[in-house]
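*Asks:*
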Amino acid sequence: MKKKLWIGALVALMSSSILVGAAIADDYAVGPPNSGYKPDNGDHTYCWNSTFADSQNAKDASQYAMNNLDGQTTMFDTFISSGCTSVTDARFIKTTEPGDGYHQCLGFNSAGECETAHVAINFGNMTSWADWKQTACHEVGHSVGLTHGNYDCMDTDETKQQYSDHHVYHVNNDR
Ligand SMILES: [Zn+2]
């Protein structure tokens, strides 16, 4: 999901959520354009393609997001130092497509859970370390099934760099 292309949908979500506040139930793992898919297990493996690995800032942003997933949820992260494969859960790549980044599932298991996905970040579209961290948190969030919302990094606000309790609940209980 290219975040800034979906502002209309986000505004619609926000206006409906005002009525019920932070306890609003949002969809979990329903797929694009605003959501991702369930991960295949709790071990979220990740890797960098060669272009991504050329940049320390890119590596730092990805590691921030994976450490945050590990710290905030019952999932854990495993770095695949030997490189990306067809079963690596989060395959970090750079993109120049419009928007700050996107997540795309590339393969599913027989249960319909995502086996492997691109987590793409458009570093050239952003100017701050905060924005890179928020975008990495956001796209990794899609890779574990989260949907856009306005309480955490699943928003477009770069000051929100973690997952809300509601989204942590989804990851821990609904996958
Ligand atoms: Zn998104």
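If you use numbering that gives the first Met the number 0, the sequence shown closes out at 174, no skipped numbers anywhere.
Here a beta-carbon is modelled for each residue, glycine too, at the ideal position from N, C-alpha and C.
#1: Indicate whether the contact test is met: 3 or more Cβ pairs, each with one atom in the region 66–76 and one in the region 97–104, closer than 8 Å.
#2: Three-state secondary structure (DSSP) at K58?
#3: Helix, strand or coil for Q160 per DSSP?
#4: Please specify which runs of the alpha helix (DSSP H), each continuous and at least 4 residues long, are wholly inside the region 106–155, giving them in chain order.
#5: For C83, which residues of its own chain have a beta-carbon under 8 Å away from its beta-carbon, when the five flanking residues on both sides are left out?
#6: According to DSSP, is K3 part of a helix, a strand, or is it coil?
#7: What does the Cβ neighbour count give for D173, buried or exposed, with the cut at 16 atoms within 10 Å?
#8: What do you get for G20, buried or exposed, if any count of 16 or more other CB atoms within 10 angstroms of its CB means buried?
#9: Can you tell me which of the three DSSP states G30 falls into?
#10: Would you identify the three-state DSSP class for D76, choosing helix, strand or coil?
#11: Hey, M65 and V139: beta-carbon distance below 8 Å or not?
#12: Specify the secondary structure class of F42 as computed by DSSP and reduced to three states.
*Replies:* According to the structure data:
#1: no
#2: helix
#3: coil
#4: 128–142
#5: C46, W47, N48 and R90
#6: Annotation note: pLDDT 49 at K3 (below 50); position unreliable, coordinate value reported separately. Here K3 sits in helix by DSSP.
#7: exposed
#8: Reliability of the predicted coordinates at G20 is poor, the pLDDT of 46 falling under 50, and no value is obtained from them.
#9: coil
#10: strand
#11: yes
#12: The sequence given here places Asp at residue 42; Phe does not occur at that position. Strand, per DSSP.
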